[in-house]
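Residue numbers (this note's numbering): 3 to 85. Everything below concerns the one structure shown next.
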């Protein structure tokens, strides 16, 4: 820093401080983004579980409805034959 006047020294110091702050901000942002990714993955897994559960319930309901429909058709056929 030989030959620099006071203003130039202040400017260089301000640039150094700004650089340090920017590096800290970058590190903080990377940490926050990593945390957000983790939270997002967790939420997506939970949502996937809920969707799977709902689809399983729908499948079970449809299975019951199909079985009832087949039974109703069989009952109708028996009634028609009994007439």
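Yeah, the Cβ is synthetic: ideal placement off N, Cα and C, and Gly gets one too.
Close-in-space but distant-in-sequence residues of the same chain around residue i (CB under 6 angstroms, 5 per side omitted)
i, result
"residue 20", "none"
Beta-carbon contacts of residue i that lie in its chain and below 8 angstroms, excluding the five residues immediately before and after
i, result
"residue 9", "none"
- prompt: Can you list, in chain order, the stretches of the alpha helix (DSSP H) that have 4 or more residues and sit fully within the segment 10-72?
  reply: Qualifying alpha helix (DSSP H) stretches: none in this window.
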